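One structure below.
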Amino acid sequence: MPTLQHNASADNLVISKHRLSGSDVSFTPSSNTSGPFKDSFPDTIVIHFTAGSSLSSSVNVMTNPNNKVSAHLAVGRQGEIVQMLPFNKIGWHAGKSSWQGRTSLNQYSLGIELDNAGELTPNGEGFYTSWFGGVYESSDVFKGTHRNQTAPRYWHRYTEAQIMRTFSLCQLLCRQYGITCIVGHEEIAPDRKVDPGPAFPLDKLRSRMLGDAEPSHVDVTESNTQINTFDVPQPAVVRASKLNVRSGPGTHYEKQGLPLLAGDKVEIIEVKKGWAKVERTTTGWVSEQYLATVKAE
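Quick look at the structure:
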């Protein structure tokens, strides 16, 4: 996996009046929408793969008024971006879906489609084929186990340019719209969808944008017994744009209150398995890698 350095400013991406502009960004309008979002939505990003043969063919499908499908953005394999809906309009990308007590995620989310063929099948001759007959070399193939499956399968690999552009794009959307949730289609419709699949670093995207994943650099086998408590709380400052506070040291614990924001000052009471128990107005657990310790005043 390439080293991912997402920076929307360096990438020249800008949003004005719910339209994206920047290098290699174009707008192809789609009429497939249910109109404006209500109130303060969207607050969620849903990541998809197109399962199509090319970026242009997928954009054609999503902008055809005879089709009941659309998304806000599509990201090509060279990192090019096509916007199809302004960010204040509802798209038709999630379908029948549910997540954390909400249904019909189209009503709350922005949809990002990545140009990718999806699951592939080995043809016995050293190549791999897609459902539409595309043929791919082994260098374009990722072997991995899907989060909703138990055995490894073959998947079309995402390009480095595509992944990095998606990270930059999500960074900008999170900042512009206060996004609090990033999910894959496979998570909100697990019985019928497998996108974006294991070839896309979805958990890392969530971690980088929302500060909501167990640190990737932590060796869990070593940290299971590693617990540090402090006689004197250690001052620290939040480095992530948003950092969720949880009731225990892990993502399976419930969130507590509002997330911390970049620059917020906290005091570290305890560190366990890459998670820090911190105190500010209340006490809770956050991912330690998004804290920077500072000297006591």
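The numbering of the sequence shown is the numbering used here, which starts it at 18 and goes up by one. All C-beta atoms in this analysis are idealised placements derived from N, C-alpha and C, irrespective of residue type, glycine included. The structure presented is a predicted model; accordingly, all values stated were derived computationally and were not measured.
In this structure, Phe104 lies away from Leu30, with their beta-carbon atoms at least 9 Å apart. DSSP, read as helix, strand or coil, puts Leu222 in helix. Minimum Cα-Cα distance from Val152 among the listed residues Gly265, Ser71 and Met79 corresponds to Ser71.
With contacts defined by Cβ atoms closer than 9 Å, His163 and Gly214 form a contacting pair. The segment 133-142 makes no contact with the segment 50-61, as fewer than three CB pairs between them are under 8 Å. Counting only the Cα atoms, Gln124 lies some 13 Å from Gly118. Runs of the beta strand (DSSP E) spanning 3 or more residues and lying entirely within the segment 137-206 occur at 158-162, 169-173 and 198-201, in chain order. Here Ala257 has Gly228 and Tyr307 as same chain residues with Cβ atoms under 6 Å from its own Cβ, once five neighbours each way along the sequence are excluded.
By the beta-carbon neighbour count (other beta carbons within 10 angstroms, threshold 16), Asp208 is exposed. For Val288, the enclosing beta strand (DSSP E) begins and ends at Lys282 to Lys289. Per DSSP, the beta bridge partners of Ser43 are Val99. The three-state reading of DSSP puts Glu271 in coil, since its state is none of H, G, I, E or B. Assignment of Ser51 by DSSP, reduced to helix, strand and coil, places it in the coil class.
Rounded to whole angstroms, the separation of the alpha carbons of Arg225 and Gly195 is 15 Å. The C-alpha of Pro46 lies about 50 Å from the C-alpha of Pro252.
Between the segment 293-312 and the segment 262-272 there are three or more inter-stretch CB-CB distances shorter than 8 Å, so the stretches are counted as touching.
Counting along the chain, the unbroken alpha helix (DSSP H) around Ser73 starts and ends at Leu72 to Thr80. In the DSSP assignment, Val303 falls within the beta strand (DSSP E) that extends over Thr300 to Ser304. Ala91 is a Cβ neighbour of Glu130, given a cutoff of 9 Å.
Beta-bridge pairing by DSSP links Pro252 to Glu284. Collapsing the DSSP output to three states places Leu122 in a helix. In its chain, beyond the 5 residues on either side, Ile64, Thr183, Phe184, Cys187 and Ile199 have a beta carbon closer than 8 Å to the beta carbon of Leu222. Distance from Glu136 to Arg170 at the Cβ level is roughly 6 Å; contact confirmed, criterion being Cβ atoms closer than 8 Å. Inter-residue distance for Arg297 and Leu189 is about 28 Å (C-alpha atoms, whole angstroms).
Counting C-beta atoms within 10 angstroms of its own C-beta, Asn83 has fewer than 16 neighbours from the protein chains shown and is therefore classed as exposed. In this structure, Val288 sits away from Val262, with a CB-CB distance that is not shorter than 9 Å.
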